[in-house]
Each structure stands twice: as structure tokens, then as C-alpha cells.
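Chains as they are written, first to last, in the numbering used here: chain U, 2 to 467; chain X, 2 to 467; chain L, 2 to 467. Just below is one structure, and these are the notes that go with it.
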Amino acid sequence: MSLTNRDLVTIDDLSNEEMEALFCLADEMADSTDAQYGLCRGKIMATLFFEPSTRTRLSFEAAMLRLGGSVISTVDVGATSLAKGESIADMAKVVGSYADIIVIRHPWEGAAKVVADYAGIPVINAGDGGHEHPTQTLCDLYTIRKERQTLKGLRIALWGDLKHGRTIHSLIYALARLGASILFCPGSGLELPEHVMRRLNTEYRGELKKCGHLNHGPDRKLFPIDAMYITPTSHHQLAMLPDISLNVELQAGVDALYVTRLQKERQAPTTDPQERKKYPVVDKELLKGKEFEKTLVMHPLPRVDELAYEIDSDPRSKYFKQAAHGIPVRMALTAMLLGARVVSISSKYPSFAHKVEYPIYRRHSGVRCSNLNCVSNQETETKYIKPEFTIVSDEPLTLRCIYCQHELYPEYVASSDWHQGTLEHKKYHSARSRWTKKIRPENLIVFASEDEARAWQSGNGACTKE
Amino acid sequence: MSLTNRDLVTIDDLSNEEMEALFCLADEMADSTDAQYGLCRGKIMATLFFEPSTRTRLSFEAAMLRLGGSVISTVDVGATSLAKGESIADMAKVVGSYADIIVIRHPWEGAAKVVADYAGIPVINAGDGGHEHPTQTLCDLYTIRKERQTLKGLRIALWGDLKHGRTIHSLIYALARLGASILFCPGSGLELPEHVMRRLNTEYRGELKKCGHLNHGPDRKLFPIDAMYITPTSHHQLAMLPDISLNVELQAGVDALYVTRLQKERQAPTTDPQERKKYPVVDKELLKGKEFEKTLVMHPLPRVDELAYEIDSDPRSKYFKQAAHGIPVRMALTAMLLGARVVSISSKYPSFAHKVEYPIYRRHSGVRCSNLNCVSNQETETKYIKPEFTIVSDEPLTLRCIYCQHELYPEYVASSDWHQGTLEHKKYHSARSRWTKKIRPENLIVFASEDEARAWQSGNGACTKE
Amino acid sequence: MSLTNRDLVTIDDLSNEEMEALFCLADEMADSTDAQYGLCRGKIMATLFFEPSTRTRLSFEAAMLRLGGSVISTVDVGATSLAKGESIADMAKVVGSYADIIVIRHPWEGAAKVVADYAGIPVINAGDGGHEHPTQTLCDLYTIRKERQTLKGLRIALWGDLKHGRTIHSLIYALARLGASILFCPGSGLELPEHVMRRLNTEYRGELKKCGHLNHGPDRKLFPIDAMYITPTSHHQLAMLPDISLNVELQAGVDALYVTRLQKERQAPTTDPQERKKYPVVDKELLKGKEFEKTLVMHPLPRVDELAYEIDSDPRSKYFKQAAHGIPVRMALTAMLLGARVVSISSKYPSFAHKVEYPIYRRHSGVRCSNLNCVSNQETETKYIKPEFTIVSDEPLTLRCIYCQHELYPEYVASSDWHQGTLEHKKYHSARSRWTKKIRPENLIVFASEDEARAWQSGNGACTKE
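Structure below.
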């Protein structure tokens, strides 16, 4: 298996083995950066940034230039044809005929998938709204692996805003896949959303336990753990541990403390002005805790106030190294996708969670993704994008948008098969009824509202299958 | 004759032979893109974009990078010294001392000519307001030629907004020069302007016939031809054909259907909001017509609603290929202007219209170009630009601005010769009087108004010749 | 001594010898530009422009590309993480791990010094607010040297806005260091500020004489000299010359006339709208003066109205050459800082002013720089920057900010030594009292106000020394 001509839209596009191969190549790139010049000679990277970002764009461009390639770039949404009403599929096709690889950052969730679907050349997602930012996740994982050789069995604490920003959620799923245990240390009101917890339990098969009450002891107040996730391959199961054991466990130390800033730009505008002040700060005092003795302090940057300048010179602080790792990681990724370096992918690297294949739901009309920021809901894009979902659960019935991964819980369903041709038997049902489980996915019809279901039943609603 | 160190401001800067040589080189560039890397090694292209454009800028930059050259770029008018009141002549001189070739896009009509006049290095016009965009025209012509080997005798239908945007007008003149016949299929109220029709008849010597009534038959309603232009070298003349023959002619098929979008950004702000809805759409249904059986469907992109997504996969659709051709065409052009490739220009390629040399009108005061968007009317530029016109007709007296090609019809004239020194004989005349034809162009004085003419007659108006 | 890995934040970072070595290399670069391609192969320049500038950015980028290096760039403050509240120190560290050299332009005075302090790679200041723009100064000096072989003993007239814009002030100090005499010809109300005059007299040890009355003679009105500065190594001293001799001196001719535009963007918004009209213009008429017979006419560009287009073709006009010299000068500088060219620095080139080493004042609390635009006063930067000053005079007590060079005149002082541990002796003094001179710099405490001084005296104010 090779990465040549593939896309990186979500971190799930890479298997554990492929990530490990990429990290090995990144090590090589870091050790002999100058020797890589010329590897991508004559190749062009297009960096299409429809949202501000210095760091990410510059590091992609620097990575390509260090490989001897060149860059064309567009950085401002106002400075593009999109102002003329062009769809991103059209833009992808055209730029795909100019360049050899596209790096895209876009405010719409799912935009990178659309670009990858239409460009005809490898596409890297550099952030699509609040959805995914897989190369950030790769840099995060690479930083830990470089210092600790493996992710397996490590204790990684995630600190700050665990609610907004699916970037942190991607990191969580990746850590679970690679066998790490995760400690959740959210700011007040910034806890991990329900759907991430559920997904950790169902798809990643680990055990997630809330342990908020641990914070009440006077010795724990500096390190407010809200929940802990243990990957299934760990030696023991959290469920079997009494609370006291968790404390023992913690005293063995935290391997990495991953700090995030408050995602203001993704938040509702009604945010409490006091919220920023209450945001938990990582500083010298906190790091005096015994559990942080050998901890790697990490942060995706930019920081605001959540990481005190006083710890910059602390040898445990790895956030600037983490940023610097963006170059070898992105060099390795670019070289692999362009086929400039073909690396053998070992099949021995363990995977701690197996990808689940869900049935697909796709009809021309009916439900749409409920995420207003989803690419499938944008005026210019509905001309060619049809809503499409995976059916990830039937109790309650849950559809997951294939573009933005937002979940949808329809209230009413019907079957296209049962009543075929027999109008008097054409009936819709509550999605919570026993019928839902009986309908085969390929026959499922879901409705956005009861009105729509009624219209369909009376024969006026068009819910044809594609 | 060579293209080295020349400019491309208007498509008229290239002879038919030069275009053909450029297309041959573009074929070579397309066939072996990788082999061209290094051709422009060490050369710098400056892309100066004072108006938004992804496509055009990126394709110029990609073309230069594929030749092994490099690029410096400025993309936002706010991000430049122009905000400090600098003239474009000064900017051209300075950037001309930094780079080896300039690509300029600017909202002022005629701006590219000024840059070419002052830069001292080759300059390519990438769009100057509503004036010209010659490399777009080259890509259009190259796409047809690549599929049909020649332009001569082909039937090209132009569809949509034929009124706004002189880009389409440039294409029309180029098609006429290369011997194609043109079918005009405008949206309602978007017909070809009078001055373009007149120019086709006078300068290009072909026959343009209105044939709007053809559309009334039930079989023709999908393909509303408003007028047809036959180049003089065609086997027959339209004038000799009865209407029925035009139908027969059409049944032989349309070679290319060139679709344009409504040029909103060049329109008056009072535009009817319903107009966009009424804009004619090219879709599967239209293309079922027998006359479109082997038609190349083209579009300069970006499209809005005038080209249905459903025909994207139709083999007749060439618009994405047309965009992709931007790379080899711009590679060939850049290599030729920089002298990196010197191609022999055959003198055998036929020209179907000969360039007309008009007399020049240039005086320090008096008439100005009537186009407010003309570069010669901008505050920063009037410090060094004097209005200058070609006298393209004397009945009615018509001056054409050498910067933006807008036409001016002065009401009053006089002669600098007849009354020389004899105040009592100093008289002005109506431009429609018989005197106008008698004044030799080098002695002509035109007035912007009768007041100005009176002032001149009484000796107060200064209308000195440069 | 070598320039490898050094920064250029202010023109004072270069000795006279180093400037001369750089100019020699620039000569070489100009003579064989093509031969330099490849000198910086594989190296990356980051151009970080947080203020608009075509000219400066493009010339840096062109210089790097002509050396065979590559460029990553960010041009719009809105398009950066700074919008997320990031400090420039953090940005410097991160970009310092991507690129090999940074070119920074920033609206905050002193920003370039901060970037240089944190980036870990060579940093070039391309303009930090109204503070410094040392490569402009290098281009100015190089242009004169190229035409006249030396700066020593030349008469350089500075014309226009001598008040705003410390760029012109940097040029003044550099001219003084290199042994030129300076004629000041300001527009009305745009005279040289007091502090620049004082510094010329004290640090540069030359003689500055006001000679405004010279302008009243009818023969002098075209050339309104306000003051003249004679460097100490000139053969004679201005003070010894009667006014009539200055006239004689001037008749020997002006070697260069350096014209500046009105610095609107640095001015208070209450500027008189008539001011621009009154701004003195350099035109054909002025240059007819005998003293300008062999004068080099210079201008940093862009010009507005102060330099008439009619003199563009005059052989004395050197401003477009001056702009063109930006390429070889910046090529030479970049190659030297990157260590791609190591040039031996002669120690023989004379310096006409010796660098003064002032004592440092740095305390955690107390006075801040009075310049609101200083980097040390910005919200995001105060988290890690502590105010720091040089004590440049004790009568009156004058502190100069090490970031922006603005001067501060504190009213109250005390000593940390005299009263150590003895509360009853803890006293503050007026800065104008005899005590100020007696306090040793390392013991000096200055107060921002008498309130603060009182608070300190009563033991409540914290004025600890770092």
C-alpha cells in the first residue's frame, strides 16, 4: 500500500501503519533537511487559504520549498473568484489542472472533502471550519512519539477547551487508535461533548469514566480531571479500578499535558466576557505537581493567556518544538502524497480500534445536514452536492453527515420496499418505534419533519433514492 | 520577427502568424511540461493584481514556475503604495527594475498600456477593467484550434452577455481575423453594442446581419440567434443568402458554443434583480439540438448559473480543458516574451483583416476620454498622461482613446492651419458640417463643448498642439 | 568580524567598515546578477509584512530569488494569527523554526528588535512604525557612494518633511557617521525636531547651525536652508564661518538633494488640508539654480506631488536608480547575514562618530516608554517585555527606550542604595536637583509621577530592580 496520489482530509484517512511510516520519514527529513532539496523539483503546491492562518500556511509552504518544489497561493477569500459565486468544486478542478498538490483551508466544514473529490490531484486538509485539521494532529502525535518513542500506554492529559474545535476531538480519536490513555481536564463549561464520549465508547471500544469528584480533594485542585479514557488494550480496565487506584495511577505521572486555547472564533457571540479570565492557566505553580515531573507540555499555538510565558524556558515545554516539527512532518507527507518518496508500510504496527463500515443513506430530497456551516448547505454548492450520511446507529436512529460528521436524529422514517406500489400500505413511523430496526438500510427513508412524512404518505412528497 | 521583449496589452499586439507560432509552442509545452523546467531559470515574474482573480494569477504563476522561474506578487490594492497616491507609471518603473516580466491586472481601462510604456521589461495585460484580457482570448482560440486544427471557416456561437465586458469583444475581433463565422446568441437586453457591430463591418470588412426574426419559429426557440457575422474569406456572403439558407447553414452544425456569465461587476448598480433569473442557461436540453451534435461547449469560468452542472461529464464540455490550457499557453507566451524560446514566425498564415492605421489626435488641452474608468482620467495619472486618440472616422467624426478604445463623438471642430495668425478668420464648425472632412488630421482641433469652442475662437482657450 | 547570523534592526547595527564591505559586495552583485543565482539555494526568507508596502517587500523577495533562494510571505495583518492575540515574540519563534532569515515590517516601533531577540535566525527590519528602515538608508547611501565614490565631505541637502518619519533621522545620523555635511531644507512646520538636533550635537559631535535668515535674500528663496550640519572631520567648522561664507560654500554646489514626501500616514489626523498644497516642490525651475548643477536628485519613493514628473528625464534624477539599487544592496545584505558570502571587513574605513555606551535602566515596575506606539506598550507584548532604557543624559535626566528610542524626562528620582534598609532615610528627589547626578546608574530609581514616588517612599510602591 502506498500514499502516492492519496488525500489527507481526515486523520482517519491514514492507518496506524501509515502514520508510523510517515513519522519515520519525518525523522529522516528532520535529520537531513538540506539533503531533501530537489526531491519535489518542478512540482507545484497550491495553498488555498480561505481563512486566516500564518503558521499553517507558512509551514506547508516552507516544507514544499525545502523539498525543492514551488508554491502558488491564495490567502484572502475576498481576493478570489468565489466572490463571483463560483463553487469550490469548480475551483478545485481548475486549480487541480494548474498544480500538483493542493493544501486547502476553508471555513465550511467538509470543504476539503469536496476539493479532494474534484481536484484530481492529492489534497491536504489544512482545516475546514471546526471540522478537522489532520496535519496538526500529526504534528501533535509526532512530538510525543519523538520524545517517548511510542504512544501506546502513555497518559495524555488534554487541558482547556475540550468542547469547541473538533481538532481536539480528532486528536482524541487518534490517541485512542494508537493506544494512549486520555485524561480530560476541561475548563468550566468546556467539557467534552456527549457525542464524542459516545463515539469513544462505541467506535473506539475503550472505557470512558467520569471522575469529576476526584477534584474535590485539596491535593487535586490544581489538576481538575473530569474524565479518563482507557484504551481497550491497556493492561487493566478503568471500570475495575476503585477511585483510589486512579489516584495511584496518576501519581505514576502524566506523559503529556496538551493545552488548548479558548476557541473564541468558533463560539457563539453571546459568550460571557468573564469567561476568558476564568480559563484555566498552566504555569510554574501547576507544573510543580509531582504528576508533572516528566510531563511534555504541549500547545498547538497560538496561545493567548492559558500558557504562562514563565514556563517557556522550562525543559518540559515542548510547544515551540511541536511547531517546528510541522516542517519535517509536512515535508514527509507532501513527499509521500506526490510519490517523491515511496515508503514501505509495515503491517505490524498495532491498531487499537478497527474502522467501522456503516451503511450509507443518500436520497435526492428529504433530510439535509443540520450543521448550517456544512459545505452541503451552502448556496453555491447545493447545485451539485447531494446530502449523504452514514447510518451510525439505529437506537436512536443516528445519521452522520459524510461531509462534516455532524449527527442527525430523524424523528420519522419509512421504507421504500414494504409499500412498493401499494398506496394504501404507504405509512411512516416514529424513528423510535420498533419499525426502524426492521427497515433494511438500503430501503430506509427518513424525513426532516412530520409534515414531510405526511406529504410523502399522501403521495406528494418526492423521496426518490439516488 | 520575434516576440522577445515585446508586450501583450491587447490581442492586436499579435499577428495571426505570431498567434499560430505561440500555439505551436504551447502544444510543445503541453506535450512535455516537465522538460520545460529550467527554461526561465533565474528569471522573475512580477504578478501585480489590483483586482481579485484566483484563476488568472495562479495560472500565470504556475506557468512561470513550470518554466523554472520564480514569482513576486502583490494581490491587494490596499497592500500597495498606490494607497500613498503613487502613479502606476512610477510603480511600473520600480517593479521593472526588480523583475524580468510583469503581469498586471488593474481596474482602470488602459492601465496595462501605461505599465507597458514605462516598465522597460515585457508586460502582459491580465485584464484592465472592462477593456482587454488577451491571454484569456489566447486560451479560447487555442482550445478551439486544438480540437479543430484551425479557426478558419468554423461557426462559433457566442452565448449570453455580449454587451458588457470587452473581453468578449476582443474574442470577436480575433475570431474575425482568423476567419471564423460568428453567431450571436445574447440574453435579453445583452445584445452586441452598436460600436462593435460597426467595427466588425468597417475594420474587419465582414458582413454582419441581424437575424432576430429566425428565433420566432417553434423549432428555433432553444437557440436564439440575434445576428451572424461572416468573415470576408468565407465562400459565400451572408447578404446573398435568404433566411432559409441560414437555417440550412445552421443545420450543418455549430463548431463551438462559447458561454459567458452576466458581468455583474461591470454593470450599473441599478440592475434589475430579476435579470439573473432570466439569463439563458446552457443545459442538457439545449445540447440535444441537432446543431450541437459535435459542438465544443466553452466558458471562460467562473460560471454562475448559466452552465448547468449536469453537462460537466458530457464529452462536448471543454471548459475545464480550456482552463487547463491556460498553463501551456501562458508558458509559451512567457518563454517567448523573455526570449527563452525564440520561435520562427511563418509569414504564410492567412490574415482575414488587415490592421488599419488611423491618424493620431493629441493636444495638451481640450477633449478628454469620456470613459470615467479610463486610466487617462485618474487623478494620479493626469500628472503625466496626455489624452491621445486615433481618428477612426470623419462621418460622424469619431475619436478612439488609445488607452481604453472608448469612442468619442465631438460636436465642434476647427483647424489650426486655415486661420493661422488671422484672428478674424478663426472659426469653429459643427463636426457634422462639410468642413470636418476638409481639415487635415494634423491640423484638427476638437472641442469638448461649444463653450470651449467659443473660448478658443475669442482667443482665450488654449488648444496648443503637442 | 563577520555579518553571518547577525541582525539588521537599526543602521547602527553596522559599523562604517561593515557598510563599506556591504557596498562592495553590492557592486559585485549588480555587475553579475545572474552569477549569484544559487548562492542561497535551499534557503528560505520569510517576509512578514504587517503594514502595506509593495516596493520594499517585492525588492527583498526579488533579491532572495535572484540569489536562488525561496520566499514565504505574509502580507496582511488580518490574515495572521495575531488576530487571535498572539505576541510577536511567539510568532518570531515559530517562523524562526520555518525559515532561514526573516524580513519584518510592523506598525509598532521596536517590533523588529523583539523579533530579532526571539527568532533565533537573522532578522532584517524593513520598517517598524515611524522608527527605523535601515535598508532604505543603505540604498540611499549606496546610491550616493556609487555616483561619488565616497560620502566623506559631500554636501547633502535634505528636502521636505524632516519632522515626521524617523527614517530620515536615521539617514541623518548615518550621513554624520560617514563624514558628510548636511543642509536642512524643511517645508514650513516640518523642521528637524529638537531631539535630533541635540543628538547630532552630543553623540555625533558635529556642529549644527540654524541659518534660517539666509533664506530672506531674493537670490536664495528657491532653496530655503533652515540649518546646516558639519561633521567634525570637515576641514573647517561652521561656527567659524560668517554667514556670507555659507553662501560661498553653497555656491560650490550641492552633491545630493534628498527629497521626501509628507508623511501623511504618521501624522495626526487634524492635519491642515491646505498643508499638502504648501509642500515645497522640486521641479525644473528649482534645478536651474547654480548650486544644483551637478546635484544627484534623490527620493525614497513613492512620490506624491513634491517631485515634478518633468524632471524624470533629467540626467541628475537618480530616484529610479536609487529604487533599482534596492536589489543589489538587499542581495548583498541577505547573502552576508546568511553566511552565503563571507566578506573580509577592513578596519581602515574612517568613522566620524564613535558609538557611545550608555548605562542601562531596567526595573520591573515604574516608568514605561511614553510612546504609545512602542512595542513595549502593547497589550499582547507586556506579558513578557519589561521596559528598558539607556540613561543618555543626567541634565536633564533623559532615558531613551531601547525598543523605540523615544526619550523620557522623569521628574522624580531616588536611589536604591543610600537608604537601604533605613526607612527613615528613604527619600525621593526632583530629577532637576543636584542629587540626580550623584546617584550611580545601577542604583537609580525613577518615578513616572510624584504619586508613585510618594508611594515608594511610604513603602507601598514596588520598584524592585531586576
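Idealized CB from N, CA, C, for every residue including glycine. Fair warning: this is a prediction, and the values are worked out from it, not measured in the lab.
If you follow the alpha helix (DSSP H) that residue i is in, where does it begin and where does it stop?
i, result
"H196 of chain L", "195-203"
"T1 of chain X", "Residue 1 of chain X lies beyond the stretch modelled for chain X, which goes from 2 to 467, so this question has no answer here."
"G161 of chain L", "Here G161 of chain L belongs to no alpha helix (DSSP H); instead the beta strand (DSSP E) covers 156-161."
"I328 of chain L", "327-338"
"R56 of chain L", "56-67"
"A90 of chain L", "89-97"
"S182 of chain U", "Looking at the DSSP string, S182 of chain U is not in any alpha helix (DSSP H); the run it does join, the beta strand (DSSP E), is 182-187."
"H170 of chain L", "167-178"
"A454 of chain L", "451-458"
Which first and last residues belong to the beta strand (DSSP E) in which residue i is found?
i, result
"G128 of chain U", "124-129"
"E358 of chain L", "Per DSSP, E358 of chain L belongs to no beta strand (DSSP E) and is neither H nor E."
"A112 of chain U", "It is not in any beta strand (DSSP E) - A112 of chain U instead sits in the alpha helix (DSSP H) that spans 112-120."
"R317 of chain U", "Careful: R317 of chain U lies outside any beta strand (DSSP E) and carries neither H nor E."
"I103 of chain X", "102-107"
Under three-state DSSP, which class holds residue i?
i, result
"K291 of chain X", "helix"
"R7 of chain U", "coil"
"L23 of chain U", "helix"
"S74 of chain U", "strand"
"G218 of chain X", "Interpretation of G218 of chain X is limited by its pLDDT of 48, a score under 50 that renders its predicted location unreliable; the figure taken from the coordinates is listed afterwards. In this structure, G218 of chain X counts as coil in the three-state DSSP scheme."
"K211 of chain U", "strand"
"F51 of chain L", "coil"
"L302 of chain U", "coil"
"S235 of chain L", "Caution applies to S235 of chain L, whose pLDDT of 47 falls short of 50 and renders its modelled position unreliable; the value that the coordinates give is listed next. In the structure shown, S235 of chain L sits in coil (DSSP, three-state: anything other than H, G, I, E or B)."
"I508 of chain L", "The requested residue 508 of chain L is not part of the displayed model; chain L covers only 2 to 467."
"Y310 of chain X", "helix"
"I12 of chain L", "helix"
Are residue i and residue j close, meaning C-beta to C-beta below 8 Å?
i, j, result
"M337 of chain X", "L26 of chain X", "yes"
"L409 of chain X", "D256 of chain X", "no"
"L209 of chain U", "L201 of chain U", "yes"
"S377 of chain L", "Y413 of chain L", "no"
"W160 of chain L", "P281 of chain L", "yes"
"L179 of chain X", "K211 of chain X", "no"
"L18 of chain L", "S347 of chain L", "Sequence inspection shows Glu at residue 18 of chain L; the Leu mentioned does not correspond to that position. Yes, the Cβ-Cβ distance between E18 of chain L and S347 of chain L is below 8 Å."
"I73 of chain X", "Y99 of chain X", "yes"
Using the beta-carbon of each residue, which ones in chain X are nearer than 7 Å to residue i?
i, result
"A100 of chain U", "A63"
"A325 of chain L", "S98"
Name the chain L residues that come within less than 7 Å of residue i, Cβ to Cβ?
i, result
"S71 of chain X", "L66"
"Y385 of chain X", "Y310"
"L334 of chain U", "By Cβ distance, chain L contributes nothing, its closest Cβ being about 15 Å from L334 of chain U, past 7 Å."
So which residues on chain L does residue i lean against when the C-beta distance must stay under 9 Å?
i, result
"I45 of chain X", "E62, A63, L66, R67"
"Y38 of chain U", "R42, G43"
"D35 of chain U", "G43"
Going along chain L in order, which residues have a C-beta closer than 8 Å to the C-beta of residue i?
i, result
"L152 of chain U", "Those do not exist, as L152 of chain U stays about 23 Å from chain L at its closest Cβ, beyond 8 Å."
"E159 of chain U", "Per the sequence presented here, residue 159 of chain U reads as Leu, with Glu not at that position. Within chain L, no residue comes near L159 of chain U; the closest Cβ sits about 20 Å away, beyond 8 Å."
Find the residues of chain U that neighbour residue i, judging by a C-beta separation of less than 9 Å, and give them in chain order.
i, result
"D141 of chain X", "Near D141 of chain X there are no residues of chain U at all, since even the closest Cβ is about 15 Å away, more than 9 Å."
Which parts of the stretch 391-443 of chain L are runs of the alpha helix (DSSP H), unbroken and 4 residues or longer, counting only runs that do not cross its ends?
436-439
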